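The sequence shown begins at 1 in the numbering used here and counts up one residue at a time. Yeah, the Cβ is synthetic: ideal placement off N, Cα and C, and Gly gets one too. Note that the structure is a prediction, hence the values are computed from the model and not measured.
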Amino acid sequence: MPVEGETSVEVLKRIGAFALAAPTISEVDFLKTFGSLAQGPRAWPERFACTAVDAESGAFKVWSAADEIPLARAVASSCCVPGIFPPIEISGRRWMDGGMRSSTSADLAAAYERVLVVAVVAGGSGDPRLALLNARLERERAKIDECGGASEVITPDDASLEAFGSNLMNASRRAEIAEAGWAQGRREAERLAPFWN
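Listed below in structure tokens is the structure:
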């Protein structure tokens, strides 16, 4: 990814080519990991949207109920990390994690008056990749400001980072992560109460 500016379509196409060629579990097996979400048609939650990138063209997509596609496929396409999970087929195209364009996509909320960004991988140490993600998030927040909105950000606190461990894809830590997130959420609710008033 580039150090400055937006991730170009050409970069996304290169990432997509890697994703399409990488040996991973099958799409069917990946979809099974979504449990009940993948079992039969499910209604889209009101106003829910998720993002993906076309693995061949590099085009960015925001999925919503208006697309009339299965919720499980949209969610799976939105979190299939290249090289770890397979791109997901939707309407004859293969889609990969929207996080390849942006890990937060906060700029999509630029038309809103108040925006709360939950940035799972932003913030923290001197890792240059985190600095890059933080810089991108600040550019996205600037777009919210330009449209007259305001934003606040929640990043993982030390207890949440410890619960995550070094592998964010480790599903065996879900209970610990949920507990840490719940505890942090209660503290953040107090901090953010004035933001909503």
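- Nearest to Pro194 by C-alpha distance, out of Pro45, Ala163 and Ala150, is Ala150.
- A Cβ-Cβ separation of about 14 Å leaves Trp63 out of contact with Ala43 under the 8 Å criterion.
- Taking the C-beta atoms as reference points, Val9 is found nearer than 9 Å to Ala59.
- For Ile25, the three-state secondary structure derived from DSSP is coil.
- By DSSP's assignment, Thr51 forms a beta bridge with Val62.
- In the structure shown, Glu152 falls within a strand segment according to DSSP collapsed to helix, strand and coil.
- For Thr104 and Leu137, the gap between their C-alpha atoms comes out near 7 Å.
- DSSP places Ile84 outside both helix and strand once states are collapsed to three, so it counts as coil.
- Your pair Ala55 and Leu31 does not check out as a contact, with CB atoms roughly 16 Å apart and the cut at 8 Å.
- Rounded to whole angstroms, the gap between the alpha carbons of Glu190 and Val118 is 16 Å.
- DSSP lists no beta-bridge partner residue for Met169.
- Nearest neighbour of Ile25 by Cα position, chosen from Glu68, Cys79 and Pro86, turns out to be Pro86.
- Ile90 is bridged by DSSP to Arg93.
- Distance from the CA atom of Ile144 to the CA atom of Ala111, rounded to whole angstroms, is 7 Å.
- Cβ-Cβ distances below 8 Å link Gly165 to Arg173 in the same chain, with the five nearest sequence neighbours on each side left out; the list follows chain order.
- The C-beta of Pro82 has 16 or more other C-beta atoms within 10 Å across all chains shown, which makes the residue buried.
- Taking a C-beta distance under 9 Å as the contact criterion, Glu152 and Leu116 qualify as a contact pair.
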